[in-house]
Each structure stands twice: as C-alpha cells, then as structure tokens.
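Okay, here's the thing in structure tokens:
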C-alpha cells in the first residue's frame, strides 16, 4: 500500500482534510517540509488475547 497524505491547508484543488494524490515525490517532500501535508498512518489492529481458563483433567 502506498503512503497516503492529508492536506493540512488548501493545496491546489485539494481542501483541508482531503487525501492528496498524484503528486511527484519532489512536490510531496516540499509540502511535508512546509507543513502543508502530513502522512496518514495506517491503523494497526490491536491483538486480542482471549482469556483462557485452565481446567484440571481427572485421569
């Protein structure tokens, strides 16, 4: 999955809060340095640990 960026202020046809796309790497680097866009971090799924109960086995 490619890195996605969100506009922090209006940039060209993109409004604040929209996902930025189709820009050359040089322009993305410049906008990141200027604070005009930010990297959208992918959501990580939290690991769910099931509670297990030990049951004694009578043998």
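In our numbering, the protein residues as written are 147 to 205.
In this text, a Cβ means the ideal position worked out from N, Cα and C, and glycines have one as well.
All values reported here derive from a predicted model rather than from experimental measurement.
Looking at the structure shown, is residue i part of a helix, part of a strand, or coil, going by DSSP?
i: residue 187; result: coil
i: residue 195; result: coil
i: residue 150; result: strand
Going by DSSP, name the residue or residues bridged to residue i.
i: residue 166; result: 151
Below 8 angstroms on the Cβ atoms is my contact criterion, and I expect residue i with residue j to pass it. Report the Cβ-Cβ distance as a whole number of Å.
i: residue 157; j: residue 182; result: 6 angstroms
What residues in its chain sit with their C-beta under 8 angstroms from that of residue i, if we drop five residues either side in the sequence?
i: residue 163; result: 152, 153
i: residue 174; result: 151, 166, 183
Within the same chain, show all residues whose beta-carbon is closer than 7 angstroms to that of residue i, passing over the 5 residues directly before and after it, in chain order.
i: residue 150; result: 165, 186
Once the 5 residues before and after residue i are set aside, which same chain residues still bring their CB inside 6 angstroms of it?
i: residue 177; result: 183
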